[in-house]
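To convert, count from 1 in the sequence shown and add 711; that's this note's numbering. Let me begin by presenting the structure, written as structure tokens, before commenting on it.
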Amino acid sequence: MSLIHPSHPSYPAPRYFGETGELTARFRPADAEPDFVSGPGPGGTAYHYLSTSTSTDGEYGLYRVEMGPEAGGPSTHFHKAMSEAFFVLSGSVRLFDGEQWVTARSGDHLYVPVGGLHAFRNDSAEPASMLMLFAPGAPREEYFEAITQLADLSDAERVEFCERHDSFFV
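Now the structure itself:
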């Protein structure tokens, strides 16, 4: 009996060619302070930069997002260069999959391929937490930190900012 099934995809080509491995893993404890907090008080959103495109050499970006009650979120948009995935850790998050809004709870997951319409928000009276994964990685930290200042920009500056950050709103 063969352990190789012809319909299974193959692994990517090797990118590490050493024989002994390297001491390069990075640990981040769960109780680490957020890297950035937008908005004042309990309704704000805290971002934990778990793995950035810089720390993963562009492979992916992984962020823990802690939203306060009724924290809102971005309207419907898509990305031309990266996929995005959401994994709800706690609370409930409203996720738009391009066709409908669903209430996602702890353990629920939404994958959005490149070009897929999506949106999210916390419109409940309770806090919520989720993981957001972008692949390949992109410098989302600047986007997260500047998004709250978009109201101060002209329409042209807002469009340029969003396009530079691979966010196309519909």
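For each residue, glycine too, the CB sits at the ideal point set by N, CA and C. These figures come from a predicted structure and were not determined experimentally.
Start and end residues, beta strand (DSSP E) containing residue i
{"i": "Arg832", "result": "830-832"}
Residue i - partner residues in DSSP beta bridges
{"i": "Ala839", "result": "Met778"}
{"i": "Glu795", "result": "Val823, Phe845"}
{"i": "Arg805", "result": "Thr814, Arg832"}
{"i": "Phe879", "result": "Phe789"}
C-alpha gap between residue i and residue j, whole angstroms
{"i": "Ser878", "j": "Gly732", "result": "37 Å"}
{"i": "Leu864", "j": "Val813", "result": "32 Å"}
{"i": "Val748", "j": "Pro723", "result": "37 Å"}
{"i": "Arg832", "j": "Pro717", "result": "42 Å"}
{"i": "Ala741", "j": "Leu844", "result": "17 Å"}
{"i": "Glu853", "j": "Thr859", "result": "11 Å"}
{"i": "Pro745", "j": "Ala757", "result": "6 Å"}
{"i": "Pro780", "j": "Phe798", "result": "18 Å"}
{"i": "Glu770", "j": "Gly848", "result": "5 Å"}
{"i": "Phe880", "j": "His759", "result": "24 Å"}
{"i": "Gly818", "j": "Pro720", "result": "26 Å"}
{"i": "His790", "j": "Gly729", "result": "35 Å"}
{"i": "Leu821", "j": "Ala796", "result": "6 Å"}
{"i": "Cys873", "j": "Thr787", "result": "13 Å"}
Limits of the alpha helix (DSSP H) - the one that residue i falls within
{"i": "Asp866", "result": "866-875"}
{"i": "Arg726", "result": "Run containing Arg726: none; DSSP gives neither H nor E here."}
{"i": "Ala857", "result": "851-857"}
Residue i, buried or exposed, once every other Cβ within 10 Å from all chains shown has been counted against 16
{"i": "Glu777", "result": "buried"}
{"i": "Thr825", "result": "One point to set straight first is that residue 825 is Val, not Thr, in the sequence displayed. Classification of Val825: exposed, given that the 10 Å Cβ count is below 16."}
{"i": "Thr735", "result": "exposed"}
{"i": "Val870", "result": "exposed"}
{"i": "Ala782", "result": "buried"}
{"i": "Tyr774", "result": "buried"}
{"i": "Ala815", "result": "buried"}
{"i": "Leu861", "result": "exposed"}
Which parts of the stretch 729-791 are runs of the beta strand (DSSP E), unbroken and 3 residues or longer, counting only runs that do not cross its ends?
747-749, 756-762, 772-778
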